[in-house]
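To convert a position in the sequence shown, counted from 1, into my numbering, add 4. Glycine included, C-beta positions come from ideal geometry on N, C-alpha and C.
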Amino acid sequence: MVKRMILVLGDQLSADLSALRAADRETDLIVMAEVSDEAGYVPHHPKKIALVLSAMRHFAEELTEDGWQLAYTRLDDPEASRSIVGELMRRGQAHGTSEVLVTRPGEWRLIEALEAAPLTVSFLPDDRFIASQEEFDAWAEGRKDLRMEYFYREMRRKTGLMMEGEKPAGGKWNYDHDNRKPARDDLLRAEPMQFTPDAITEEVLDLVARRFGNNFGRLCPFWFAVTRTQARRALDHFVKNLLAGFGDYQDAMLTGDRFLHHSVLSPYINIGLLSPMEVCQRVEEAWKAGDVPINAAEGFIRQIIGWREYMRGIYFREGPRYSARNALEHEAALPAMYWGAETGMHCMAQAVAQTRDEAYAHHIQRLMVTGNFALLAGVDPARVQEWYLAVYADAFEWVEAPNVAGMSQFADGGIIASKPYVSSGNYIDRMSDYCRNCSYSVKDKTGETACPFNLLYWHFLWRHRSRLERNARMGTMYRTWDRMDKARREAVLAGAERVLARLDAGEVV
Ligand code: FAD
Ligand code: DLZ
Ligand code: SF4
Numbered sequence: 005m006v007k008r009m010i011l012v013l014g015d016q017l018s019a020d021l022s023a024l025r026a027a028d029r030e031t032d033l034i035v036m037a038e039v040s041d042e043a044g045y046v047p048h049h050p051k052k053i054a055l056v057l058s059a060m061r062h063f064a065e066e067l068t069e070d071g072w073q074l075a076y077t078r079l080d081d082p083e084a085s086r087s088i089v090g091e092l093m094r095r096g097q098a099h100g101t102s103e104v105l106v107t108r109p110g111e112w113r114l115i116e117a118l119e120a121a122p123l124t125v126s127f128l129p130d131d132r133f134i135a136s137q138e139e140f141d142a143w144a145e146g147r148k149d150l151r152m153e154y155f156y157r158e159m160r161r162k163t164g165l166m167m168e169g170e171k172p173a174g175g176k177w178n179y180d181h182d183n184r185k186p187a188r189d190d191l192l193r194a195e196p197m198q199f200t201p202d203a204i205t206e207e208v209l210d211l212v213a214r215r216f217g218n219n220f221g222r223l224c225p226f227w228f229a230v231t232r233t234q235a236r237r238a239l240d241h242f243v244k245n246l247l248a249g250f251g252d253y254q255d256a257m258l259t260g261d262r263f264l265h266h267s268v269l270s271p272y273i274n275i276g277l278l279s280p281m282e283v284c285q286r287v288e289e290a291w292k293a294g295d296v297p298i299n300a301a302e303g304f305i306r307q308i309i310g311w312r313e314y315m316r317g318i319y320f321r322e323g324p325r326y327s328a329r330n331a332l333e334h335e336a337a338l339p340a341m342y343w344g345a346e347t348g349m350h351c352m353a354q355a356v357a358q359t360r361d362e363a364y365a366h367h368i369q370r371l372m373v374t375g376n377f378a379l380l381a382g383v384d385p386a387r388v389q390e391w392y393l394a395v396y397a398d399a400f401e402w403v404e405a406p407n408v409a410g411m412s413q414f415a416d417g418g419i420i421a422s423k424p425y426v427s428s429g430n431y432i433d434r435m436s437d438y439c440r441n442c443s444y445s446v447k448d449k450t451g452e453t454a455c456p457f458n459l460l461y462w463h464f465l466w467r468h469r470s471r472l473e474r475n476a477r478m479g480t481m482y483r484t485w486d487r488m489d490k491a492r493r494e495a496v497l498a499g500a501e502r503v504l505a506r507l508d509a510g511e512v513v
């Protein structure tokens, strides 16, 4: 007799999930379902779909071996309904129960669907995070400025990571100052660990090729880890071979070098194969052993216990309509170059091509290339979010929306970022080798060959002047603009208008 269903979602693949801890092997039935609504709410990258489905199938196998009763629905099962709720209804009817226990999903969309379902659904907190939502809300309450840095210090104290008593190891909380080096071409640099697909993954790859072969993105070669054991190996490999350079080169970009010193662990952490704390402990251990410098270990740990936790706290604190915000009232369509159409902009072409090939781009490519360009071009943030949610293997709304709407597009009006993350081509030129191979010139500030970032940067500041000029961090830019001679300002604005008109007409930029 089944008393209750335990729903385990595709990004909840952790043996210590709160819903599993609360479940009873004798009387509860685990429900896992591959459904077309989850695969189709945005046109996910085929590699992302394959990662989630293969990891789900492997996890289901582990649960069954561990003695759980499990109902697993495959995407091509003719009996399957389209949605998670539909599958719970179908399984519930077959087993005579309408009771469901679930760890709170990472998207308001799914939480709302479960709340509205004709089922009795109980939610448990997702305690795979370091801060509970209550802790985050208590930290945020009454603060005018939700600076991540202060939240991060709380998390250092809470976890004890890289702490010497009450003090941060080495005497500083943050070593970012040392972390801004452009990368050197290094043919000997290791790559993230790659895995050969097993029979389960091969079956999933066939399915994904048949059903989602037309989505943007290359399915093969598929090399992601799909089990916890593999993900642990990928973590170890990163710590031993790449972490030491993580700090120095975390903002760097290089033509053809897709991963540099980045870990590519976010897909595994986000679907539950690795816990954030175990990843940070492994990194701390390497630093304690003297294998990696302090700026690498601190920088990496900050990304996880700082940024990752903070983003999640903001997403749930701000409520279900957070991702619909559009503070700058941007309305343009997403340019076709985001889906692989031709562009003369080498930085954009590089970021998009590796996104297509790997379902991955690192933070600075996402923020300062594709994000920066969408913001400067005035693209509707809803369209920008759809793109990010679709194309990255690590994209789930709780982390994608605050990064895209908040940090990158300033669509939340400044909750996360104290000013819009916009820059001219200079930043990209300083941190990469992209500009050397571009059909535009980063040195040109006006004229046909001027880098589009240079033109659009000033146009952005000019068109949002009434909103942004009082921002203390933007004042110097407006003073620089005002000091430019009039003819130059007019040439910049005319050049930017030409770029925007071309984008609007769907022409190549
Ligand atoms: P590394 O550079 O090796 O960093 C280590 C870890 O730190 C990551 O694995 C990740 O868990 C964490 N991390 C770093 N930065 C962030 C951050 N800003 N927010 C949350 N976690 C962070 N990250 C996602 O996990 N999913 C997303 O959908 C996502 N969308 C983004 C969209 C934009 C516009 C931007 C600017 C950033 C986005 N990020 C997202 C954050 C960051 O880019 C990715 O976490 C990172 O690139 C993942 O690659 P990695 O594992 O190699 O990270
Ligand atoms: C991303 C994804 C995909 C592609 N497919 C499924 C699926 O078939 N079944 C499932 O349970 N989960 C899937 N997921 C992950 C969910 O979309 C994710 O759990 C929610 O977005 C909540 O974060
Ligand atoms: Fe990108 Fe401009 Fe540099 Fe070209 S010149 S790579 S468009 S920043």
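Which listed residue (the options) has its alpha carbon closest to that of residue i
| i | options | result |
| --- | --- | --- |
| Asn219 | Lys176, Leu332, Phe140 and Tyr396 | Tyr396 |
| Val426 | Gln358, Leu459 and Ala293 | Leu459 |
| Tyr156 | Leu11, Glu313 and Gly418 | Glu313 |
| Ala26 | Ile10, Ala37, Ser18 and Gly14 | Ile10 |
| Ala135 | Ile308, Ala84, Pro172 and Glu42 | Ile308 |
| Glu111 | Tyr253, Tyr319, Thr480 and Val39 | Tyr319 |
| Lys244 | Arg506, Ala300 and Gly344 | Ala300 |
| Asp508 | Tyr444, Val446 and Gly382 | Gly382 |
| Val268 | Gly260, Ala328, Pro196 and Glu289 | Pro196 |
| Tyr179 | Met159, Glu168, Glu153 and Ala187 | Glu153 |
| Tyr431 | Glu501, Ala256, Pro339 and Gly479 | Ala256 |
| Glu501 | Met481, Pro456, Tyr482 and Asp489 | Pro456 |
| Gln389 | Leu223, Asp486, Ser327 and Asp20 | Ser327 |
| Pro50 | Gly90, Leu92, Gly303 and Ala399 | Ala399 |
Per-residue DSSP class, three states only, for residue i
| i | result |
| --- | --- |
| Phe199 | coil |
| Thr124 | strand |
| Asp70 | coil |
| Ser152 | The sequence shown places Met at residue 152, rather than the Ser named in the question. In the structure shown, Met152 sits in a helix (DSSP, three-state: H, G or I). |
| Lys490 | helix |
| Asp261 | strand |
| Glu362 | helix |
| Ile10 | strand |
| Ser443 | coil |
| Pro172 | strand |
| Val212 | helix |
| Ala37 | strand |
| Ala142 | helix |
| Asp32 | strand |
| Ala336 | strand |
| Trp112 | helix |
| Asp180 | helix |
Limits of the unbroken alpha helix (DSSP H) element including residue i
| i | result |
| --- | --- |
| Tyr392 | Pro385 to Val395 |
| Thr233 | Arg232 to Asn245 |
| Met315 | Glu313 to Glu322 |
| Val104 | Careful: Val104 lies outside any alpha helix (DSSP H), inside the beta strand (DSSP E) at Glu103 to Thr107. |
| Gly164 | Element bounds for Gly164: n/a, residue is neither H nor E. |
| Cys455 | Note, Cys455: premise wrong, no alpha helix (DSSP H); not H, not E. |
| Tyr272 | Ser270 to Ile275 |
| Arg95 | Ile88 to His99 |
| Trp291 | Pro280 to Lys292 |
| Phe304 | Ile298 to Ile305 |
| Tyr253 | Phe250 to Tyr253 |
| Arg469 | Arg469 to Leu472 |
Straight-line Cα distance separating residue j from residue i
| i | j | result |
| --- | --- | --- |
| Ile34 | Ser22 | 13 Å |
| Phe140 | Trp72 | 34 Å |
| Arg286 | His241 | 11 Å |
| Trp227 | Val208 | 13 Å |
| Thr233 | Asp448 | 51 Å |
| Glu335 | Asp149 | 28 Å |
| Gly375 | Asp433 | 16 Å |
| Val513 | Gln354 | 15 Å |
| Glu38 | Lys171 | 47 Å |
| Ser102 | Gly317 | 31 Å |
| Val125 | Pro280 | 27 Å |
| Ser445 | Ile273 | 39 Å |
| Phe464 | Ala476 | 17 Å |
| Tyr461 | Leu123 | 51 Å |
| Leu278 | Glu452 | 49 Å |
| Thr484 | Trp466 | 12 Å |
| Arg329 | Tyr253 | 33 Å |
| Glu168 | Val296 | 18 Å |
Boundaries (first-last residue) of the beta strand (DSSP E) holding residue i
| i | result |
| --- | --- |
| Ala75 | Gln73 to Thr77 |
*At 4 residues or longer, and completely inside the region 392-436: list those alpha helix (DSSP H) runs for me, N to C.*
Here the runs fully enclosed are 401-405 and 429-435.
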